[in-house]
Amino acid sequence: MIIICPECSTRFNINSDRIPDQGAKVRCARCKHVFLAEKPLDLDS
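Heads up: the sequence shown runs through residues 337 to 381, numbered per my numbering.
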């Protein structure tokens, strides 16, 4: 899954298995902004 920093728009490829169902705080490696990364919605269910 790709997450995008809302501050600097840097894109990161991350394994969605590393993000818990409730989301996780992540820090952008480029600008150090901390934001909540959430799993994408499962529209099939």
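Just so it is clear, CB atoms sit at the ideal spot from N, CA and C, and this is done for glycine as well.
This one's a predicted model, so the numbers in the text were calculated from it and none came from an experiment.
Beta-bridge pairing of residue i - partner residues as DSSP gives them
| i | result |
| --- | --- |
| C373 | Here residue 373 is Ala; the residue named in the question, Cys, does not match the sequence. For A373, which the question treats as bridged, DSSP gives the partners A360. |
Unbroken beta strand (DSSP E) run spanning residue i, endpoints
| i | result |
| --- | --- |
| R347 | R347 to N349 |
| I339 | I338 to I340 |
Sequence-distant residues of its chain with Cβ nearer than 6 Å to residue i (five each side left out)
| i | result |
| --- | --- |
| N349 | I338 |
| R363 | V370 |
Same chain only: Cβ atoms within 8 Å of residue i, ignoring 5 sequence neighbours per side
| i | result |
| --- | --- |
| P342 | H369 and F371 |
| D357 | K375 |
| S352 | M337, K375 and P376 |
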